[in-house]
Amino acid sequence: MTFQIRSGNTIYNTVENPAAVFDRESGTLHRIGEREVMRKYLDESVEIYKKNGFHDIADDLVYMELPRDQGEIDRVFQITGYIKKLYSMNVR
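Going by the working numbering, the sequence shown runs without a break in its numbering and finishes at 94.
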């Protein structure tokens with residue numbers, strides 16, 4: 003089964019295993035896409051931030067696998083801060 007990263011009629015990507023990287027503190031979505039690509043993005047981002055002395059930013063980056071639900075993926079992509087709420091519900 004595939005899922006779309008979309009907004010309105012515009013489809014930005016199609017994925018089988020949706021995941022995202024975001025800032026745990028602010029809830030800002032950094033990137034959304036295929037699971038393996040997001041893991042690599044997280045690793046590279048953390049390395050770059052730490053290399054340049056931004057340890058606090060690196061420590062706030064979070065990788066999260068998204069529900070295999072098109073509606074939830076749409077909300078994560080389209081609603082600012084929604085991923086933070088979704089993450090909070092799953093961490094408890």
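Built from N, CA and C at the ideal position, the CB exists for glycine as well.
Give the DSSP bridge partners of residue i, in chain order.
i     : result
LEU63 : ASP25
THR12 : SER9
ARG33 : VAL23
VAL48 : According to DSSP, which records beta bridges pairwise, VAL48 is partnered with nothing at all.
VAL78 : BP columns for VAL78 are empty, so no partner.
VAL17 : PHE5
Should residue i and residue j be called a contact, given that it needs their Cβ atoms to be closer than 8 angstroms?
i     : j     : result
ILE13 : PHE79 : no
LEU68 : PRO20 : yes
MET40 : VAL23 : yes
GLY29 : GLY83 : yes
With 16 other CB atoms within 10 Å as the buried threshold, where does residue i fall?
i     : result
LYS42 : exposed
PHE5  : buried
PHE56 : exposed
ILE75 : buried
ILE81 : exposed
MET91 : exposed
Within 7 angstroms: the Cβ of residue i and any heavy atom of the ligand SAM?
i     : result
ILE13 : Ligands in the displayed structure: none, and consequently the ligand SAM is not present.
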